[in-house]
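Report on the following structure.
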Amino acid sequence: MLISDELTREALRQAARALFISNPNPRVGCVLVDSDGTILGKGFTQQAGGPHAEVMALRDAATGGRDVRGATAYVTLEPCAHQGRTGPCSDALISAGIGRVVASIEDPNPLVAGQGFARLRAAGVAVEVGPGACESRELNIGFFSRMVRGVPWVRAKTAASLDGATALSNGASQWITSPAARADGHAWRARACAVLTGIGTVLDDNPRLDVRALQTPRQPHVVVVDSQLQTPPDAHLFIAERACYIYTAVQNDVKEAALQARGATVIHLPGPHGKVDLPAMLRDLAQRGMNELHVEAGHKLTGSLLREGLVDEMLVYLAPTLLGPGLSIANIGPFDNLAQGVAMDFTSVERVGADIRILAQIKGRATF
């Protein structure tokens, strides 16, 4: 027999199993239990277009021949109430005879937003909301950001020496951090909807920006900020199983046709000074279903995103080495006083291999 807190934790563990697969849908877990707290079925949201957590849990119970009538469903997000690529999960729970639903948090999607709870209550299902709310929201921070703010959650990743150099003055940077840190960085790539970089990184490093250090059922899409449309059609970032979005400030039909032939989508969003309109780009990416945007760019683009207030969180790997003068994490400043700096809150500091991984949120960003 499991108690309520343990069942909520198990539902959250199930939700975490959807970390790399459910985008652009939220990561949701569901556990069905009888009146004694015995688990009847459990599941998590599958790839987009596939079953949601509640349906997976119901199928799990059915496979084991377990009767769920009158059971309690512990679910980490409000069961949906709308018809998308799958049917409403609230209806599935009602049809199965579930007697009670314990949900962590209301779905911020305007198509749901309390309607799932209302439908359950109207059918006589008892509803409790709140257990595990903070954990569920954090697991789905990008989904909440897209639904509430209309932009993805932007996480900027960098690797640096202890004195803040991301490369030597001559550009050499491979490798500042350890293999363990690089593998951990791939896990953060894998959970994102898309990886964003700038044309400078594309031209200098010709990166693939894919996930290679762990098994993943999907590759994150790639986004390039390329004001003058300089992306080479033979760049390594063109990978068949993912989308490539190139944002530019110029019109060049010949170059655009060559990039489209490689599968790229070219979007014209001119902003001030011949640059790409970065806030408009984030809004456009949200419209394309991007929840978490993982930035791996040079100090210029990272600095531009920070100066425009578009970064939500920094993911920084610090190596135990001093490199002296070199390239910085972000091209911001110079400032006249300390108060002009970008204020953050450390949310996590952990050892990864020989290095330290720091997560720091821009102050006030998680209050939306």
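Residue 85 in full-length UniProt numbering sits at position 85 of the sequence shown, and the numbers go up by one each step.
The beta carbon of each residue, even a glycine, is placed where N, CA and C say it ideally should be.
Straight-line measurement puts the Cα of R121 at about 45 Å from the Cα of A213. As computed with DSSP, H268 is found in a beta bridge with T248. In this structure, DSSP gives T216 a state outside helix and strand, which the three-state scheme calls coil.
For K42, the enclosing beta strand (DSSP E) starts and ends at 39-44. Your pair P220 and A192 checks out as a contact, with CB atoms roughly 5 Å apart and the cut at 8 Å. For the 8 Å CB-CB criterion, E296 and V195 form a contact. With at least 16 other beta carbons inside 10 angstroms of its own, G298 counts as buried.
Pairing F20 with P217 gives a Cβ-Cβ distance under 8 Å. If you compare the alpha carbons of K42, G49, A243, G41 with that of S22, the shortest gap goes to G49. K300: member of the alpha helix (DSSP H) spanning 299-307, first to last residue.
For G324, the closest C-alpha among the options G164, N331, R307, R85 is that of G164. Counting every other CB atom within 10 Å of its CB across the protein chains shown gives H294 a total of 16 or more, marking it as buried. Under the DSSP definition of a beta bridge, W175 lacks any partner. W175 counts as exposed, since fewer than 16 other C-beta atoms from the protein chains shown sit within 10 angstroms of its C-beta. Under a 10 Å Cβ-count criterion, T231 is classified as buried, with 16 or more other Cβ atoms of the shown protein chains found around its own Cβ. In the assembly as shown, R182 is a buried residue. Its beta-carbon has 16 or more other beta-carbons within 10 Å. Using a Cβ distance threshold of 8 Å, T321 and L162 count as a contacting pair. In the three-state reduction of the DSSP assignment, S136 falls in the helix class. The three-state secondary structure of H186, taken from DSSP, is helix.
In the three-state reduction of the DSSP assignment, F20 falls in the coil class.
As summarised for the segment 24-109, the continuous alpha helix (DSSP H) elements at least 4 residues long and confined to that stretch are 53-63, 89-96, given in chain order.
By the Cβ-count criterion, T76 is buried, with 16 or more other Cβ atoms from all chains shown falling within 10 Å of its own Cβ. About 5 Å separates the beta carbon of A354 from that of S178, a gap short enough to meet the 8 Å contact definition. F368 has its alpha-carbon roughly 7 Å from the corresponding atom of R149.
Counting along the chain, L285 sits inside the alpha helix (DSSP H) bounded by residues 278-287. A235 and G185 have their C-alpha atoms roughly 22 Å apart.
The beta carbon of A126 sits closer than 6 Å to those of R100, all from its chain and outside the five residues before and after it, given in chain order. If you look at L315, you'll find it in the beta strand (DSSP E) that goes 313-319. Of the residues G200, W188, L93, I199, the one whose Cα lies closest to the Cα of Q215 is W188.
Using a Cβ distance threshold of 8 Å, V225 and V276 count as a contacting pair.
Within the same chain, and ignoring the five residues on either side of S348 in sequence, the residues whose Cβ sits closer than 8 Å to its Cβ are R357, I358, L359.
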